[in-house]
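Numbering (this note's numbering), first residue to last: 5 to 757.
Quick reminder that beta carbons are idealized off the backbone N, C-alpha and C, glycines included.
As the structure is a computational prediction, the values presented were derived from the model and not from experiment.
For reference, the structure discussed in these notes is given below.
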Amino acid sequence: MALPRIAWLPAVLGLLTGLDTPRSHPPATRRAHATRPATQVPEARLIDSLLARMTLEEKLGQLNLVAGVSDTAATADLALVRQGRVGGFLSVFGAGATRTAQRVAVEQSRLGIPLLLGYDVIHGFRTIFPIPLAEASTWDPAAAAATARTAAREAAAAGVNWTFAPMVDIARDPRWGRIAEGSGEDPYLGSLFAAARVQGFQAELGSGTVLATVKHFAAYGAAEGGRDYNTVDLSERTLREIYLPPFRTAVRAGVGSVMTSFNEIGGIPSTANGWLLTNLLRGEWGFRGLVVSDWTAVAELEQHGVAGSRAAAGALALEAGVDMDMQSRSYLETLPALVRAGRLREAMVDEAVRRVLGAKARLGLFADPYRGASPDAERAILLAPATRQLARDVAVEAIVLLKNDRDLLPLTGKLRTVAVLGPLAESKEDPLGPWHGAGRAQDVVTVLRGIQERMGPGTSVRYAAGCDIAGTSTAGFAAAVALARAADVAVLVLGEAAEMSGEAASRSTLDLPGVQEQLLEAVGATGTPVVLGLMNGRPLALPWAAEHAPAILETWFLGVETGHGVADVLFGDVSPSGKLPVTVPRSVGQVPIYYNHKNSGRPPGSEKWTSKYLDLPATPLYPFGWGLSYTRFRYSNLRLSAARLGPADTLRVQVTVTNTGARAATEIVQLYLRQDVGSVTPAVRRLAGFRRLALAPGEGRSVELVLAPEQLGVYGRDMTFAVEPGTYHVFVGPNSVEGLEGRFEISATPPGD
Ligand code: BGC
C-alpha cells in the first residue's frame, strides 16, 4: 500500500542506522551527526538580554512546568503566569485554552515570554493511529514519520508546541505495560523509529510542527519484574548496547528535548544522574536541547531516598542536568532560598533558563507565540479524510499474521454468514490504546463495523460479545456459540482492555484475561473455522490458542481505523506484511526472552546440564521478526560483495526474493549478523538491516542491504566502539530464526595491505 512518503526521510535515515561511530571513523563524520546549535546568533542575543533582566523568581519560573486541569490552565496557574513564574504547561490543549494561556504570558507578564505547551501526542493527537508497538510491527519508519508529522500538524492547530514523544524505551519484558508505547525489543529497529518520529514531529520546526521529546532517559523498560517504576540495575555495556541507541539516534536526528525516567539505575535515580544527563548526554553526545523531568520525578528523589528534603531534591536534579521540573514545583518553591543562601550557583539556574528559552526560540515562539493555532485551523485539520486514510494504511501494515493453517485467510470464498464474536469486536474505546491524546471513542471504526461494511448487502454479519474482557461470567457463551454454529466463519476478537497496558499497568501473567480462552475453546468446538483476532498492548503468551486456532491475526490497538484495517486484511484486499518487533513467549516464566541474547557457556541442548527449563522449550512461541503473508516468498542466491574486508570497509549483501504465490504482497527482508568470536561475548544474532519489498505474483527481485562499520562494530572490553577482526555470519530471511546464511571475515588491516 502506498503511504505518503516524506522526501527528506531516506536521507536522514541513511545517517542514523548505527549504534555508534566506530573509532576508525574520522572525526569529521562525527561532526556531521552533531545537533545543530539550539540558538542562532540573534536568538542568543535575545536570550542574553532577557536573562539580564530576569529576577531569580522569573528565572526559576521558566523552569517550572505545570499541568493543566481538564485541558485548561487553572485560574490560579494563570495568575502565576502573570508573575512570570510558569515556563510552560502540559496537557493544556485546544485552540481556545492554549491561546488564552499564551495571551496571558505574552501580554500580561512583565517580560512577555511565551509558554511551552506540552502534550503527550504518543500516536496521534485527535486522529489516533496504531499504538507505537503496532507501528513498529510495520517495520516501516517512513510510516511512523508520516503519522508523527500528521499528529504534529493536528496538535499544532490546537496550540500544542511540544510533545512528550517519541517514547523509545527498549522493552524486553512484556509484563511492563509501557511496552505498548515503544518500538519493542530491538535497538536497531527502535533507533530507526526514534529518528523517524523525531523528524516527523519536528521537521524543520516550521508551521504545523512540535518540538519532540525522547523519553524516558534511561532504561525505564528494564524495571525489575516488569513492574512499572521499579528498580533498574544493569551494566554500562547493556545500557550502551541495548537501551541507549534509540536515544543516541534521536539526539543525532536533532531532537529538541529529553525526558528523564522515573527509575534508578544502579542506585542513582535518572533524575539525579549527572553522569547520564551531563557527561554522557551533553558531553559525549553533544546534546544542546532541553532536559525535562518526568511528572513529579524531581520531588520523588525524596522517596528514592537520595534527598532529605524537597529543596535537596531540587538541587540534586538541577545539578545533575534537569532543566525543567515537571509538576513538582520544587524548583519554583525551594530553589530561590538555596541560591540566596549560596548553596546553589545562580549560573547553573541561568544555564537551564537558557535552554528553555532556546527551545522557545527554536520553535519561533518569540516571533509568533500562537504558531497558527485557531478554531478554524482545528476544524480544517483534525480528523481530515486524508489523515484517516493514513491511519487505515498504517493499521493494515501493522497487522501481523501469526498463523494461517491451510490458508484459511483471506476470506475470499462465497461467504453468506459471518459471526463476529468476542468482547473487543464492538469496542470503540479499546482500539484507541492506553494513551490516546485527544482521541475519542466516537471516531473509532470497530472491527464489527469494518466487517459489516466489507461484507455488504445480501450477507449476514451476526455479533455476540460472549463474555467481558476480564469478567468471570460464561452466561454469554451460548449465544456466541449459536452464532458460530450457524456461520460460515467466526471472527473472534479477544485480548486486553486498553487500560491493561500503558503506564502503571504491569501484569504478572500474559494470559487472555477472564474467561476469554474458554470462549475460544467453546467457539472452536463448533467446528466452524475460527479466525482469532488479538487486540492487546503487549505480547500475550497463548500456547493453547497457537495450537488450536487455525488463523491468528495480531492487531495490537490500531486506532480510529481499526475496523477498516482489519477488514482490508481479513478479506485479502491487502496481504499482511507486519512482523513482530518483540518476541512472544510461551509462558510468562520465560521472561525475559529476547532474540538477541548471548549464547552462554552451556546453550540449551538435549543434555541435562544446559541452560533451559525442565518444563518448557527454550524457544519462544513466536520469534522476533515473525509474520506470515498470503503468499510465499523464496529466498535464494545470497551474495556478499567480499569474503574478506578491512575494519573500515562496508559489506554489500544481496539476495533474491521471489513471490512464488498468486497474490501481490510485501515482504520485509531481514538481515541479522553474528560475530563468531569477540573480545566480549557476542549476541547469537542481531538485526543489522532490513528492507521492505513489494512483489507481484511470480516476481523475483534482488535486494541489497549494506553493512557499514556502524552496524559491524561492538563495544569492546574498554567500552570503545570498534569493528573487531574475525569471522562473521550473516543471515538473510523472513524472521530472526530462518534464512540463508553467509560468512565473511574482517581482517585487522584492509585486505591487500
Ligand atoms: C509519564 C510520561 C508523560 C508525563 C506527562 C508521566 O506520568 O511517565 O511519559 O510524558 O506523565 O503526561
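Bridge partners - residue i, DSSP secondary structure assignment
i	result
Val465	Val422
Phe93	Val70, Leu121
Phe725	Tyr719
Glu558	Val404, Leu538
Phe221	Thr264
Tyr639	Val661
Pro273	Glu268
Val448	Answer by DSSP bridge pairing: none, since Val448 is not bridged.
His733	Arg678, Arg747
Gly499	Met539
Gly704	Thr662
Val493	Val422
Glu671	Leu697
Ala257	Note: Ala257 sits in no beta bridge, so no partner.
Leu691	Tyr676
Arg656	Val710
Val202	Answer is none; Val202 lacks a bridge partner.
Residue closest to residue i, alpha-carbon to alpha-carbon, out of the options
i	options	result
Ala324	Ala692, Val353, Gly278	Gly278
Arg690	His601, Glu525, Glu703, Thr654	His601
Pro686	Ala486, Gly720, Ala395, Asn663	Gly720
Trp166	Gly181, Arg648, Pro118, Thr253	Pro118
Val688	Ser740, Leu546, Ala652, Val707	Ser740
Ala222	Leu284, Leu209, Thr213, Gly426	Leu284
Arg153	Gly210, Glu111, Ser113, Gly98	Gly210
Leu538	Thr660, Asp434, Ser187	Asp434
Ala712	Gly704, Ala692, Thr724, Arg49	Ala692
Leu584	Phe205, Val519, Glu671	Glu671
Thr530	Asp380, Asp492, Gln307	Asp492
Val592	Ser581, Pro607, Thr623, Ala726	Thr623
Cβ neighbour criterion (16 or more within 10 Å) applied to residue i
i	result
Lys219	buried
Val451	buried
Ala198	buried
Ser141	buried
Asp680	exposed
Glu617	Note that residue 617 is Tyr in the sequence shown, not Glu. Exposed is the call here.
Pro589	buried
Trp613	exposed
Glu565	buried
Ser512	exposed
Leu523	buried
Val535	buried
Leu620	exposed
Val661	buried
Asp758	Absent from the structure is residue 758, since the part of the chain shown begins at 5 and ends at 757.
Ser640	exposed
Met171	buried
Ser604	exposed
Lys418	exposed
Asp327	buried
Beta carbon proximity, residue i to chain D, threshold 9 Å
i	result
Arg420	The structure shown contains no chain D; it is built from a single protein chain.
Sequence-distant residues of the same chain with beta carbon closer than 6 Å to residue i, five excluded per side
i	result
Thr84	According to the sequence displayed, residue 84 carries Leu and not Thr. Here the set comprises Val90.
Ser334	Val302, Ala303, Arg314, Ala317, Gly318
Met504	none
Arg244	Tyr719
Val262	Val218, Phe221, Val295
Gly665	Thr635, Arg636
Ser332	Thr300, Val302, Ala303
Tyr224	Asp173, Ser265, Asn267
Other residues of its chain near residue i: CB distance less than 7 Å, five sequence neighbours each side excluded
i	result
Leu305	Pro273, Thr275, Ala276, Ala311, Ala317, Leu320, Ala321
Val16	Any reading at Val16 needs caution, since the residue's pLDDT is 37, under 50, leaving its predicted position unreliable; the model's value is listed next. These residues qualify, in order along the chain: Ala199, Gln203, Ala257.
Pro755	Arg648, Leu649, Gly650
Ala468	Leu425, Gly480, Ala483, Ala484, Leu487
Arg695	Val673, Val707, Leu709
Ser645	Leu655, Arg656
Neighbourhood of residue i by C-beta distance below 8 Å, restricted to the same chain and skipping five residues each side
i	result
Gly116	Ala109, Val110
Pro340	Leu60, Glu61, Leu64
Pro554	Lys407, Asn408, Asp409, Arg410, Leu412, Pro533, Val534, Val535
Legend entry - Segments of 3+ residues assigned as beta strand (DSSP E) that fall wholly inside the segment 329-413: 404-408
Legend entry - Residue ranges of each beta strand (DSSP E) within the segment 155-190, 3 or longer: none
Inset, instruction - Pick out the complete beta strand (DSSP E) segments inside the segment 285-332, 3 residues or longer, and give them in chain order. - result: 294-296
Legend entry - alpha helix (DSSP H) runs contained entirely in the segment 558-642, provided each spans 4 or more residues: 566-574
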